[in-house]
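In the numbering used here, the protein residues as written are 447 to 716.
Before any comments, here is the structure.
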């Protein structure tokens, strides 16, 4: 992972929430919130909350007495998430690094994270931190994207940009969001961090958009892929977005488009 893969600043939080969230994150957020609520947690920590799509789905499902601490490494993402959340006295917003959580031992009975583990530079250390702040018998619940070939719009965009920039193709999507899909590795890293009863479920959903242009904008302008594109020269962002639009239209049609997205959902017990 490159340092630029972790940069969500400027217009990225707004574009991410406007385009990426409805395109690929909402169905998995609803699924994660349902699973989290079924555990009846009284103290929840969310890591790498992004613009708060899981927070918005989970908060109404928690009991009136439950506490909910929402964190992200990137303050601009956390600020945007807080601005999108209805007032809720149970929620505390805090900037935090998953590798150095600023919380006491045994403070939570659920740690959840949507599509954040792929960005952790040392996942075993992050899982150990999650285990440290969990009460005995607590759960960690998270999801990660499956390989890029199982996520068609992301694959379309990556292949299109490889044709546009053949000498130095931008690989953010394959390298980081879709770079942590080996379920055997995920299981072994959780076990190395002290978790047991690791359950992994692979879940497919459909990504839908009103036109091919929307997923092209989402990936090229609403993720750190934008940083890679803009590093290749002035004016390249529009060219890349046009190229991705054409690739998606060629494969999925010029009107409303739909494509498979797939992720692994992981639940482990301390």
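Just so you know, even glycine gets a beta-carbon here, dropped at the ideal spot from N, CA and C.
Within 8 Å, strictly: CB atoms of residue i and residue j
{"i": "residue 658", "j": "residue 695", "result": "yes"}
{"i": "residue 475", "j": "residue 598", "result": "no"}
{"i": "residue 642", "j": "residue 586", "result": "no"}
{"i": "residue 681", "j": "residue 465", "result": "no"}
{"i": "residue 532", "j": "residue 539", "result": "no"}
Alpha-carbon spacing of residue i relative to residue j, whole angstroms
{"i": "residue 459", "j": "residue 584", "result": "31 Å"}
{"i": "residue 495", "j": "residue 501", "result": "7 Å"}
{"i": "residue 571", "j": "residue 516", "result": "20 Å"}
{"i": "residue 537", "j": "residue 697", "result": "43 Å"}
{"i": "residue 461", "j": "residue 612", "result": "27 Å"}
{"i": "residue 480", "j": "residue 648", "result": "16 Å"}
{"i": "residue 518", "j": "residue 702", "result": "33 Å"}
{"i": "residue 627", "j": "residue 633", "result": "11 Å"}
{"i": "residue 521", "j": "residue 483", "result": "26 Å"}
{"i": "residue 692", "j": "residue 685", "result": "11 Å"}
{"i": "residue 511", "j": "residue 631", "result": "37 Å"}
{"i": "residue 524", "j": "residue 561", "result": "15 Å"}
{"i": "residue 712", "j": "residue 568", "result": "18 Å"}
{"i": "residue 564", "j": "residue 594", "result": "13 Å"}
{"i": "residue 640", "j": "residue 469", "result": "35 Å"}
{"i": "residue 541", "j": "residue 467", "result": "21 Å"}
Cβ-based neighbour list, residue i, same chain, cut-off 8 Å, excluding 5 preceding and 5 following
{"i": "residue 690", "result": "602, 603, 606, 607, 661, 662, 665 and 666"}
{"i": "residue 575", "result": "544, 545, 546 and 547"}
{"i": "residue 530", "result": "463, 497, 498 and 502"}
{"i": "residue 708", "result": "591, 592, 596, 597, 648, 649, 650 and 651"}
Nonlocal neighbours in the same chain, by C-beta distance under 6 Å from residue i, ignoring five residues either side
{"i": "residue 534", "result": "505"}
{"i": "residue 654", "result": "704"}
{"i": "residue 552", "result": "581"}
{"i": "residue 549", "result": "579"}
{"i": "residue 489", "result": "513, 554 and 555"}
{"i": "residue 491", "result": "515, 554 and 557"}
{"i": "residue 674", "result": "616 and 618"}
{"i": "residue 620", "result": "594 and 604"}
Closest residue to residue i among the options (Cα-Cα distance)
{"i": "residue 577", "options": "688, 486, 638 and 711", "result": "638"}
{"i": "residue 671", "options": "523, 525 and 617", "result": "617"}
{"i": "residue 683", "options": "610, 594, 715 and 509", "result": "610"}
{"i": "residue 678", "options": "669, 614, 699 and 563", "result": "614"}
{"i": "residue 700", "options": "588, 676 and 656", "result": "656"}
Other residues of its chain near residue i: CB distance less than 7 Å, five sequence neighbours each side excluded
{"i": "residue 629", "result": "646 and 710"}
{"i": "residue 507", "result": "479 and 483"}
{"i": "residue 635", "result": "569, 570 and 573"}
{"i": "residue 485", "result": "556 and 585"}
For this session: Would you list, in sequence order, the uninterrupted beta strand (DSSP E) runs of no fewer than 3 residues that lie entirely inside the segment 515 to 573?
Result: 537 to 541 and 554 to 560
For this session: Taking only runs that begin and end inside the segment 576 to 615, name each unbroken alpha helix (DSSP H) of 4 or more residues, in chain order.
Result: 598 to 610
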